[in-house]
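Below: one structure, written as structure tokens.
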Amino acid sequence: MCVSRIVPLLVLIPALALAAPPPRAGSFDATFAAKGEPASLHYQVLYVSNGALHRMDVWRDGDRRIKRVTDGAIATFATRKPGEVGYTLKVLDLKRRISTVIDRTNLYRIGQFTDWYDLGHGLRHPKGAYRLVPSRAAPAGMPRIGRACRWYDLVEGPRTTHICWDNAVKLPLLIAPAGGAPVWRVRAIDQGKIPGATFVADDRGFIRNDANRDIEAD
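Take any residue in the sequence shown, note its place counting from 1, add 58, and you have its number in my numbering.
What follows is the structure, encoded as structure tokens:
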């Protein structure tokens with residue numbers, strides 16, 4: 059399989075930025091920490107990517123399993139051993155009936171800088187210098203949230219991003235650029251127990267591609 063066929067399956071991973079700076083007091087890592095997140099969480103979100111609106115369901119099983127279904131067309135299943143940085147991703151193209159397996163290391167090799175935190179929370183660490191400023195109230199023009207959250211302004215050079223962070227479920231409920239419409243908005247949250255079958259990537263009858271083998275053979 060040509061490696062270029064892998065990328066379209068992964069471009070619907072929303073993010074704010076790319077690489078992570080070292081943690082520090084009051085940093086992105088401390089403010090938006092995943093520690094203490096619910097053992098199980100299912101949420102529905104609307105987000106904008108490349109000018110198009112997408113709908114996504116995300117299921118989080120602690121730090122072991124994540125499932126995401128985007129627009130009813132792409133299902134991604136991420137699994138790892140607790141505490142490990144690396145993970146294995148299985149991507150199912152539900153319309154073309156193609157199943158692709160790839161590890162985090164090989165995602166990085168093809169320029170897809172997606173970490174476990176990104177997959178489960180919809181946030182990536184800012185690249186380079188930044189400031190994270192708490193706000194006492196929602197910025198003007200933001201829609202009503204419906205849940206308690208704390209607002210922060212993520213300032214990166216001339217760019218400011220508003221983030222409404224729900225510390226109870228460890229999730230950004232809304233993300234919007236300064237002066238712009240939301241690009242991420244959580245519409246529903248369920249903390250009930252998730253059936254184990256939810257995380258089974260059933261690719262029977264799919265064309266199966268091992269991207270790890272193809273990339274490592276290049």
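The beta carbon of each residue, even a glycine, is placed where N, CA and C say it ideally should be.
Keep in mind the model is a prediction, meaning the values are calculated, not measured.
Excluding sequence positions up to five away, which residues of its chain have a Cβ less than 6 Å from the Cβ of residue i?
i	result
Asp115	Gln102 and Val127
Asp121	Pro140
If you draw a straight line from the alpha carbon of residue i to that of residue j, how long is it in whole angstroms?
i	j	result
Tyr105	Pro240	8 Å
Ala198	Arg243	16 Å
Pro201	Cys222	11 Å
Ala196	His220	9 Å
Ala236	Ala110	19 Å
Asn164	Glu274	8 Å
Trp209	Ala136	29 Å
Please say whether residue j and residue i have beta carbons closer to each other than 9 Å?
i	j	result
Val191	Asp211	yes
Asp261	Lys148	yes
Asp87	Arg113	no
Ser157	Asn270	no
Leu150	Ile132	yes
Below 8 Å, is the gap between the Cβ of residue i and the nearest heavy atom of the ligand PLP?
i	result
Pro201	Inclusion of the ligand PLP in the displayed structure is not the case, the ligand content being empty and no account of it being possible.
By DSSP's criteria, residue i is part of a beta bridge. Which residues make up the other side?
i	result
Leu150	Ala133 and Ser157
Gln102	Asp115 and Ala246
Asp87	DSSP lists no partner for Asp87.
Glu214	Arg217
Asn270	For Asn270, which the question treats as bridged, DSSP gives no partner whatsoever.
Asp224	Leu229
Pro235	Thr219
Once you ignore the five residues that flank residue i on each side, which residues in its own chain have a CB closer than 7 Å to its CB?
i	result
Asp90	Note on identity: in this sequence residue 90 is Phe, with Asp being the wrong assignment. For Phe90, where only same-chain residues beyond five positions count, the Cβ hits under 7 Å are Leu181 and Trp223.
Ile160	Ile64, Leu147, Ala269 and Asn270
Gly263	Arg155
Tyr145	Ala136, Thr137, Arg138, Arg162 and Trp174
Once the 5 residues before and after residue i are set aside, which same chain residues still bring their CB inside 8 Å of it?
i	result
Asp248	Leu99, His100 and Tyr101
In chain order, which beta strand (DSSP E) runs of at least 3 residues are fully inside the stretch 163-219? Whole beta strand (DSSP E) segments, 3+ residues: 189-193 and 208-214.
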